[in-house]
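Q: Counting from 150, one number per residue, gives the positions in the sequence shown under the working numbering. Just passing along the structure, written as structure tokens.
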Amino acid sequence: MALLRPEDYMIEIGPMGPIGEGQALILRVNRNCPWNRCMFCPVYKGKRFSPRSVDEIKGDIDAVHRIWDLLNTASWEIGLNGKIQREVLQEVMLSHPEIYGEYPINFTQEQLCALQSLNNVANWLFYGATRVFLQDANALVMNPKKLIEVLKYLRQTFPTVEVVACYARSKTCEMRSFEEMRELKDAGLSWCFVGIESGCDEVLDYMRKGVTRKEHIKGGQKVMVSGLNMAAFVMPGLSGNNKELADKHISDTIIVLNDVQPTEIRVRSLAILECAPLYERWEAGEFTAPSEDQMVEELRLLIEELTFDCTIETLQMTNPLFTIKGRLSQKRQEMLEMIAWYQGLSPLEKADFLLHRYVDDGYLACVKSWGKYDSYLKALIEDANLSLEKGSPEAAEKVGRAIFAIKSKGVP
Ligand code: SF4
């Protein structure tokens, strides 16, 4: 029998898995971002976009199938009747040192990649092998005929797959014909996650989003009319701390959303990340950071002024209020009450709530796990805590500074 090789059990995975897709198989259809100019986004900076061929992607799908076989065989061999649990992974690793090496003692880079692929596929099988996410930043930029071929091959290889999602730019959606979009849907694409961020042309232009409000609307409508689901990502705070522009940012964003009527709205408040170009503008004093209060107010306007029914969620930790999720028709009142509760707090109570929310609810733990909890950040948080305890008039400002610094380290 021929020796099994790690390269036959490896799939390529890009840097960013989207929030909420932890159960999905990650399948990379192209590398990095073909636009890559947005000021607030550091994810693919310094990396060049490149397409992947249909053969390469099909090769990954075949590798997933081989990994599935290994896991399934091992599960039956140890009496778990096809169920995927930790013991199954261990069994696969131990019985195939030619693929996985002697982890964690002795393994090659290729064997490590094979191990990461094994984890990805095992996690996917554990959750029923129903969801697939196509990486990277804009899967729809792939030639539609080629993408259709990939989707068909994926569905045919894994009939368990029910949902296939990808990121897509509005501009790319707008450039596709209705027919192409429908064919993509018929071939198995289910969701497009579209970074709207703002509907305001001034904000989009400053942030180098490379798209206008009109294009957002046309692109979004194309997705929805084709029968695909769309998650629209919007970004409170993107106008910076400029009242007039902030009002326009949010009212124009509401116009886009009401015109497109996406399936879901995902709120992702701005964090000015150290590694993003926007940080330099902020350091130079050209861009003023929005306050947490401003972003909560923008969220309130959004929830209040949407005229159609959809799901809305604020589950990303950059949002001051990050536990909102539900259908507008059922939960609008509850959501507005939560916001009204926050807005009714005194400045000191707000500062206290916000500091604990960012320090104790998981954000800071992530910063620590990235190795980014430095002495400067530690001192800022201690200082903010101290002035809160004393009820100092500077407390709110110091808390604001500490929160800004926590958020600048990255997005959990
Ligand atoms: S299009 Fe998306 S991934 Fe690309 S730079 Fe902009 S925000 Fe980042």
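C-beta: ideal position from N, C-alpha, C; glycine also.
Verify the contact flag: W490, CB atom, against every heavy atom of the ligand SF4, threshold strictly below 6 angstroms.
A: Checking the Cβ of W490 against the ligand SF4 gives no.
Q: Would the beta-carbon of L338 fall within 7 angstroms of that of V313?
A: Cβ atoms of L338 and V313: closer than 7 angstroms.
Q: Measure the Cβ-Cβ separation of I414 and C349 and say whether it is below 7 angstroms.
A: No, these two residues do not count as a Cβ contact at 7 angstroms.
Q: Take S388 and list the residues in its own chain whose beta-carbon comes closer than 6 angstroms to its own, dropping the five residues that flank it on each side.
A: Correct list, in chain order: V352, L394, A395, H398.
Q: Once the 5 residues before and after P164 are set aside, which same chain residues still bring their CB inside 7 angstroms of it?
A: Excluding positions up to five away in sequence, the list reads V192.
Q: Under 7 angstroms, Cβ to Cβ, is there at least one residue of chain D near C515?
A: Looking for chain D here will not work: only one protein chain is present.
Q: Identify every residue that forms a DSSP beta bridge with L176.
A: BP columns for L176 point to L283.
Q: DSSP puts N378 in a beta bridge; with which residues?
A: In DSSP, N378 forms a bridge with W340.
Q: What residues are listed by DSSP as bridge partners for C262?
A: DSSP, once it has assigned bridges, lists no residue as partnering C262.
Q: Whose C-beta lies closer than 7 angstroms to the C-beta of A500 among residues of the same chain, with five residues either side of it excluded?
A: Once the five neighbours on either side are set aside, the close Cβ partners of A500 are L537, A544, A545, V548.
Q: Would you check if the distance between the CB atom of V383 and the CB atom of V416 is smaller than 7 angstroms?
A: Yes, the pair counts as a contact, with Cβ atoms nearer than the cut-off.
Q: DSSP three-state label for Y355, please.
A: It is helical.
Q: I need the straight-line Cα distance from P542 to L494, nearest angstrom please.
A: Cα to Cα, P542 sits roughly 15 angstroms from L494.
Q: In angstroms with no decimal places, state the Cα-to-Cα distance between R362 and T321.
A: Taking the straight line joining both Cα atoms gives about 14 angstroms.
Q: Which of helix, strand or coil does DSSP assign to P200?
A: Strand at P200.
Q: Considering Y316, what are the terminal residues of the beta strand (DSSP E) in which it resides?
A: Taken as a continuous stretch (DSSP letters only), the beta strand (DSSP E) holding Y316 covers 312 to 316.
Q: How would you label E498, buried or exposed, when you count the other beta carbons within 10 angstroms and need 16 or more for buried?
A: E498 comes out exposed.
Q: Can you check DSSP and say which residues form a bridge with I461?
A: In DSSP, I461 forms a bridge with I414, G475.
Q: Near V508, which residues of its chain fall below 7 angstroms by C-beta distance, leaving aside the five closest residues on each side in sequence?
A: Hits under 7 angstroms: I530.
Q: Could you tell me if V343 is buried or exposed, where buried requires 16 or more neighbouring beta carbons within 10 angstroms of its beta carbon?
A: So V343 ends up on the buried side.
Q: State yes or no: is the C-beta of C187 nearer than 6 angstroms to some heavy atom of the ligand SF4?
A: For the ligand SF4, at least one heavy atom lies less than 6 angstroms from the Cβ of C187.
Q: Per DSSP, which residues does E346 bridge with? Please list them.
A: Partner(s): V383.
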